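Comments concern the structure below.
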Ligand SMILES: [Zn+2]
């Protein structure tokens, strides 16, 4: 039945013809009017500071679908991990990467491969599916998208209110010129991407293959997924139209078919009234991967707003979901600047019912885990700045360890 669902929905794709000197690879996003209006309204309450100090982490599952498990389309764990790194470099505007332009903003959003499925079982965050005898020639048919999602049990094993699902396909529409696909505020869908646009040619990973669809090898640094995840978090193209534009005043309004060339010759392409320069460096334009280096402050606000205000997303970035999806407790005590508490202090120790935990004030919260001397986890949770008392009255007397802040402290219950 799964195979049938996968195979029966080969739809028609109407290719789009563009009249420019250089052929481009498009992404096939769709528009969600209701959600966009909701988030646009929230923009009226833009944050005024550059950063919020609150880090959001999104668990990701890569579903790799191919009928050639030994071929290059079955991309390696290495290149998938590299794509996670690229996402974090871009969304965090990481120092030492090409993504640090002063005009850009730190989204304070990070991504990690999920380590638990919806049933709590351990996973790698990479789900490989052999689709022998099936073919994917389009994913812009809602029927086919549903078939793919059903085939990987996305709704039951990987619900969208817990995971960002990224589907890696062997073929995409229009001879793979549609590199990726996402939906504005597409919490119901996730992201679809052609395998050859995952990760960077500089990753050092083996057996990496990038499609040279334009003759320029312009899309080989992992920016396709960054662009699509931007759509997933409710960003519009910077060039979609003059009015209302992309909902951001810090991206100059431009319109029309984009030209992927970057540099001064592209500054004036498609300018709308009032715009003096095109921001071709934006992740939501269509320039070459090597030209992209920024989300703007407004784009960051849109992304963070959708994570905290829309019911399709709000659970994803909760602490409970971090624990449920296997987020690394050792990394969870970092603050937004990557700083961790210096010393984890526990008192009293030995204890009877409760312990107090001390951690650095600038941390928003601390996730902890209590394990037995055999390593068995017996309790997990979160302590915030205002709640640092931990009730351990249900534990039997004995020796345990509390793990937090990448540290482990022995505690003794009397
Ligand atoms: Zn796009």
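Numbering (this note's numbering), first residue to last: 599 to 1012.
Backbone N, C-alpha and C fix where the C-beta goes; we use that ideal spot for every residue, glycine too.
The structure displayed is predicted, hence computed values, not measured ones.
Check, Outcome
"Taking 7 Å as the cut-off, is the beta-carbon of residue 661 closer than that to any non-hydrogen atom of ligand 1?", "no"
"Starting from residue 1002 and walking both ways along the beta strand (DSSP E), at which residues does that stretch end?", "996 to 1002"
"Using a Cβ-based criterion (distance less than 7 Å to any ligand heavy atom), does residue 835 qualify as near ligand 1?", "yes"
"Would you identify the three-state DSSP class for residue 657, choosing helix, strand or coil?", "strand"
"In terms of residue numbering, what span does the alpha helix (DSSP H) encompassing residue 742 cover?", "740 to 749"
"Quick one: complete alpha helix (DSSP H) runs, 4+ long, within the region 815 to 888?", "821 to 830"
"Quick test of the definition: if touching needs 3 or more C-beta pairs under 8 Å, does the region 743 to 760 touch the region 679 to 697?", "no"
"So, is residue 764 buried or exposed, given that buried needs 16 or more other C-beta atoms within 10 angstroms?", "buried"
"Counting along the chain, where does the beta strand (DSSP E) carrying residue 593 start and finish?", "Coverage of the chain is limited to positions 599 through 1012, which leaves residue 593 absent and any answer about it impossible."
"Considering only the alpha carbon of each residue, which of 681, 695, 717, 924 lies closest to residue 824?", "681"
"Should residue 795 and residue 817 be called a contact, given that it needs their Cβ atoms to be closer than 8 Å?", "yes"
"Go ahead and label residue 599 buried or exposed: buried means 16 or more other beta carbons lie within 10 angstroms of its beta carbon, across all protein chains shown.", "With a pLDDT of 35 at residue 599, under the threshold of 50, the predicted position of this residue should be treated as unreliable, though the coordinate-derived value follows. By the 10 Å Cβ count, residue 599 comes out exposed."
"Measuring alpha carbon to alpha carbon, tell me which of 899, 977, 1009 ends up nearest residue 950.", "1009"
"From residue 901 to residue 782, what distance separates their C-alpha atoms?", "10 Å"
"For the region 710 to 722 against the region 653 to 668, are there 3 or more C-beta pairs whose distance is under 8 Å?", "yes"
"Name the residue from 850, 988, 887 whose alpha carbon lies nearest to the alpha carbon of residue 877.", "850"
"If we ignore side chains and look at the alpha-carbon of each, how far apart do residue 868 and residue 854 end up?", "6 Å"
"In terms of residues, what are the limits of the beta strand (DSSP E) holding residue 982?", "975 to 982"
"Keeping to the same chain, check which residues put their C-beta closer than 6 Å to that of residue 905; ignore five residues upstream and five downstream.", "654, 911, 915"
"Taking the alpha-carbon positions, what's the residue 674 to residue 1007 distance?", "37 Å"
"With respect to 7 Å, is the separation between the Cβ of residue 792 and the closest non-hydrogen atom of ligand 1 below this value?", "no"
"So residue 1001 packs on residue 955, CB below 8 Å; how close in whole Å?", "Actually they do not touch by this definition, with Cβ atoms about 11 Å apart."
"So the alpha helix (DSSP H) residue 898 belongs to, where does it begin and stop?", "895 to 907"
"What first and last residue would you give for the beta strand (DSSP E) that runs through residue 1006?", "1005 to 1011"
"In this structure, does DSSP put residue 1026 in helix, strand or coil?", "There is no way to answer for residue 1026, as the model of the chain reaches only from 599 to 1012."
"Using the C-alpha atoms, what's the distance from residue 652 back to residue 970?", "32 Å"
"Less than 6 Å between C-beta atoms, sequence neighbours within five positions excluded: which residues of the same chain meet that for residue 1019?", "Nothing in the structure corresponds to residue 1019, since the chain is present only between 599 and 1012."
"Relative to the C-alpha of residue 999, which residue among 908, 973, 844, 979 is closest?", "973"
"For the putative contact between residue 965 and residue 980, defined by C-beta atoms under 8 Å, what is the C-beta separation to the nearest angstrom?", "5 Å"
"What are the start and end residues of the alpha helix (DSSP H) that includes residue 956?", "Segment 952 to 956 is the beta strand (DSSP E) holding residue 956; no alpha helix (DSSP H) there."
"In whole angstroms, what is the alpha-carbon distance linking residue 834 and residue 740?", "20 Å"
"Please name the residue in 703, 882, 726, 993 whose C-alpha comes closest to that of residue 899.", "703"
"Tell me the rounded alpha-carbon separation between residue 808 and residue 994.", "56 Å"
"According to DSSP, what are the bridge partners of residue 711?", "658"
"What residues match up with residue 966 in a beta bridge as DSSP calls it?", "979"
"Thinking residue 821 and residue 887 are a contact (beta carbons under 8 Å), I'd like their distance in whole angstroms, please.", "4 Å"
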